[in-house]
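Q:
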Amino acid sequence: MSTGTPTAEHPAADSILDISTLTPHIGAEIRGVDLSQPLGNDEFSAIYQAWLDWKVLVFRDQHLDREQHKAFGRRFGSLHVHPMQHSYGGDPEILSVKTTAKSAYTAGDGWHTDVTCDEIPPLGSMLYVTETPEVGGGDTLYADMYLAYDLLSDTLKEILQGLTAIHDGAKPYMGSYKVAPPEGDEYPRNEHPVIATHPETGRKLLYVNSGFTTRIKGLARWESDLLLDGLCNFIATTPKLTCRVRWEPNTLVFWDNRCTQHHAVWDYYPHSRYGERVSIVGTERPAA
Ligand code: SIN
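Residue 793 in our numbering sits at position 270 of the sequence shown, and the numbers go up by one each step.
1) Residues with a Cβ closer than 5 Å to any heavy atom of the ligand SIN, in chain order?
2) Classify Thr765: buried if its beta carbon has 16 or more other beta carbons within 10 angstroms, exposed otherwise.
3) According to DSSP, which residues form a beta bridge with Ile500?
4) Below 8 Å on the Cβ atoms is my guess for Met649 versus Val801; work out the distance and round it to an integer in Å.
5) What residues match up with Gln784 in a beta bridge as DSSP calls it?
6) Excluding the 5 residues preceding and the 5 following His609 in the sequence, name in chain order all residues of the same chain whose CB lies nearer than 6 Å to its CB.
7) Among Glu616, Asp662, Val702 and Leu540, whose alpha-carbon lies nearest the alpha-carbon of Gly563?
8) Considering only residues of the same chain and omitting the five flanking positions on each side of Tyr672, which have a CB-CB separation below 6 Å?
9) What is the rounded straight-line gap between the Cα of Pro716 and the Cα of Gln585?
10) Run through DSSP, which three-state label would Met823 get?
11) Using the three-state DSSP reduction, which class does Glu706 fall into: helix, strand or coil?
12) I'd like the list of long-range same chain contacts for Asp499, defined as Cβ closer than 7 Å, with 5 residues on each side in sequence excluded.
13) Could you compute how far the alpha carbon of Ala555 sits from the alpha carbon of Ser543?
14) If we ignore side chains and look at the alpha-carbon of each, how far apart do His635 and Gln560 end up?
15) If contact is defined by three or more beta carbon pairs under 8 Å, each pair taking one atom from either stretch, is the region 789-796 in contact with the region 616-629?
16) Taking the straight line between their C-alpha atoms, what separation do you get for Pro757 and Arg744?
17) Decide yes or no for the touch test of the region 547-554 against the region 566-580: beta carbon pairs closer than 8 Å, at least 3 of them.
18) Do His721 and Arg781 have their C-beta atoms within less than 8 Å of each other?
19) What is the rounded straight-line gap between the Cα of Gly741 and the Cα of Leu686?
20) For Val620, list the residues DSSP reports as bridge partners.
21) Counting only the same chain and skipping the five closest in sequence on each side, list residues whose C-beta sits under 6 Å from that of Tyr611.
22) Could you please give the first and the last residue of the uninterrupted alpha helix (DSSP H) stretch that includes Ile592?
23) Report yes if the C-beta distance between Asp632 and Ala787 is below 8 Å; otherwise report no.
24) Skipping 5 residues on each side, what residues in its chain have a beta carbon closer than 8 Å to that of Glu714?
25) Taking 8 Å as the cut-off, decide whether the C-beta atoms of Val804 and Ser626 are in contact.
26) Buried or exposed: Lys763, going by 16 or more other Cβ atoms within 10 Å of its Cβ?
27) Which residue wins for smallest C-alpha separation from Ala665, given the options Thr761, Ala810 and Tyr792?
28) Spell out whether any CB of chain B is found under 8 Å from the CB atom of Tyr710.
29) Can the beta-carbon of Thr629 be found less than 8 Å from the beta-carbon of Trp770?
30) Answer yes or no: do Thr663 and Asn732 have a C-beta to C-beta separation smaller than 8 Å?
31) Any idea if Pro809 is buried or exposed, counting beta-carbon neighbours within 10 angstroms, 16 or more meaning buried?
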């Protein structure tokens with residue numbers, strides 16, 4: 524098991540990969556790896572360790588077709604099918620992230636962790652962006668939920684420990700995106716601990732997000748709103764939790780969805796941006 528401690532304690536990842544960090548705690552660019560080719564075991568283990576350590580890995584200048592993108596994803600597990608896939612069509616294991624002047628929304632334009640409405644949310648996502656707005660912009664912000672937890676007071680940590688929250692797919696998919704579920708079906712709705720423990724690093728993290736979390740159980744509505752609004756505002760207004768990825772065409776970013784949130788910034792209307800995302804099915808329910 525990793526300690527989640529940055530690379531000084533993991534010389535193996537450092538000695539195999541060219542790693543350049545974006546901030547002291549979240550985000551790293553990995554150079555010199557060609558993701559279109561099968562990875563050797565040492566290279567794969569080093570990437571895996573760097574991903575646990577840095578949570579968000581940025582690979583520039585990658586030239587991938589869909590099968591190569593999916594093959595890289597499959598090194599980490601089986602591929603996830605998004606609950607809104609029926610509205611996108613195409614390959615069920617590829618989520619298109621396409622924004623043009625005609626888009627009513629851009630996917631992920633608000634702080635969230637991917638698909639926490641699932642009983643077992645994806646353990647990670649890999650977004651491969653091939654078209655960026657010619658005027659610049661379209662960056663993605665990522666926030667470190669280990670650090671969010673660490674920054675809470677001991678009093679608040681005690682209050683939150685042991686609480687459970689509801690994560691409801693209808694909130695973003697119907698509320699924000701206005702897409703009905705497949706006929707005769709409903710979007711997933713599940714409960715997860717407010718403070719979770721990462722299954723591999725063993726570190727505690729804050730596990731609520733404004734995208735999906737609707738209610739903390741066992742509290743009056745106003746008490747739940749008070750805590751959720753406060754926690755989500757804290758995430759949205761604390762820049763030191765974050766790193767910012769500036770996309771270039773042919774950049775792939777791979778994030779650990781178990782300990783991060785992200786926010787795609789839609790500041791480039793009416794220009795376009797295009798990418799495709801592969802997510803990896805999680806292995807276990809988030810646990811306290
Ligand atoms: C998402 O996966 O939420 C979209 C992120 C992005 O477009 O940068």
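All C-beta atoms in this analysis are idealised placements derived from N, C-alpha and C, irrespective of residue type, glycine included.
A: To lay it out plainly:
1) Val620, Ala630, Gly631, Thr663 and Ala787
2) Counting from one through the sequence shown, the residue named residue 765 turns up at place 242. Flag for Thr765 reads buried.
3) As shown, the chain starts at 524 and ends at 811. That puts residue 500 outside it, with no answer to give.
4) Taking the sequence shown and counting its residues from 1, one reaches residue 649 at position 126. Taking the sequence shown and counting its residues from 1, one reaches residue 801 at position 278. With 8 Å as the limit, Met649 and Val801 qualify as a contact, their Cβ atoms being about 5 Å apart.
5) Numbered from its first residue, the sequence shown carries residue 784 at position 261. Ala666, per the DSSP bridge assignment.
6) By one-based count along the sequence shown, residue 609 stands at place 86. The residues are Pro705.
7) Taking the first residue of the sequence shown as position 1, residue 563 is located at position 40. Minimum Cα distance to Gly563 is reached at Leu540.
8) Here residue 672 refers to the residue found at position 149 of the sequence shown. Around Tyr672: Lys727, Leu728 and Leu729.
9) Here residue 716 is taken as the residue at index 193 of the sequence shown, counted from 1. Here residue 585 is taken as the residue at index 62 of the sequence shown, counted from 1. Their Cα atoms are separated by approximately 37 Å.
10) What the structure shows of the chain is the stretch from 524 to 811, and residue 823 is not part of that stretch, so it cannot be assessed.
11) Locating residue 706 in the sequence shown gives position 183, counting from the first residue. The answer is coil: DSSP assigns Glu706 none of H, G, I, E or B.
12) Only positions 524 to 811 of the chain appear in this structure, which leaves residue 499 out of reach.
13) Position 32 of the sequence shown, counting from 1, holds the residue named residue 555. Position 20 of the sequence shown, counting from 1, holds the residue named residue 543. Here residue 555 turns out to be Gly, not Ala, going by the sequence shown. Gly555 and Ser543: Cα-Cα distance of roughly 11 Å.
14) Locating residue 635 in the sequence shown gives position 112, where the first residue counts as 1. Locating residue 560 in the sequence shown gives position 37, where the first residue counts as 1. Whole-angstrom Cα-Cα distance: 31 Å.
15) yes
16) In the sequence shown, residue 757 corresponds to position 234, counting from 1. In the sequence shown, residue 744 corresponds to position 221, counting from 1. It is Phe, not Pro, that sits at residue 757 in the sequence shown. Distance between the alpha carbons of Phe757 and Arg744: 20 Å.
17) yes
18) Position 198 of the sequence shown, counting from 1, holds the residue named residue 721. Position 258 of the sequence shown, counting from 1, holds the residue named residue 781. Yes. Within cutoff.
19) Stepping through the sequence shown from its first residue, residue 741 is reached at position 218. Stepping through the sequence shown from its first residue, residue 686 is reached at position 163. Straight-line Cα distance between these residues: approximately 8 Å.
20) For this step, residue 620 is matched to residue 97 along the sequence shown. DSSP output for Val620 lists Gly798 as bridge partner(s).
21) Translated into the one-based positions of the sequence shown, residue 611 becomes position 88. So the qualifying residues of the chain are Ser619.
22) Indexing the sequence shown from 1 puts residue 592 at position 69. The sequence given here has His at residue 592, not Ile. Start and end: Arg589 to Arg597.
23) Within the sequence shown, the letter at position 109 stands for residue 632. Within the sequence shown, the letter at position 264 stands for residue 787. A contact, by the Cβ cut-off of 8 Å.
24) Looking up residue 714 in the sequence shown gives position 191. Correct list, in chain order: Thr687, Ala688, Ile689, His690 and Lys740.
25) Residue numbering aside, residue 804 sits at position 281 when the sequence shown is read from its first letter. Residue numbering aside, residue 626 sits at position 103 when the sequence shown is read from its first letter. Not in contact: Val804 and Ser626 (Cβ atoms no closer than 8 Å).
26) As a first step, residue 763 must be located in the sequence shown, where it is residue number 240. Exposed is the call here.
27) One-based indexing of the sequence shown puts residue 665 at position 142. One point to set straight first is that residue 665 is Tyr, not Ala, in the sequence displayed. Out of Thr761, Ala810 and Tyr792, Thr761 has the C-alpha closest to the C-alpha of Tyr665.
28) Absent here is chain B; the protein component of the structure consists of one chain.
29) Position 106 of the sequence shown, counted from the first residue, corresponds to residue 629. Position 247 of the sequence shown, counted from the first residue, corresponds to residue 770. No. Outside cutoff.
30) As a first step, residue 663 must be located in the sequence shown, where it is residue number 140. As a first step, residue 732 must be located in the sequence shown, where it is residue number 209. Going by C-beta atoms, Thr663 is not nearer than 8 Å to Asn732.
31) Indexing the sequence shown from 1 puts residue 809 at position 286. Answer is buried; the Cβ neighbour count reaches 16.
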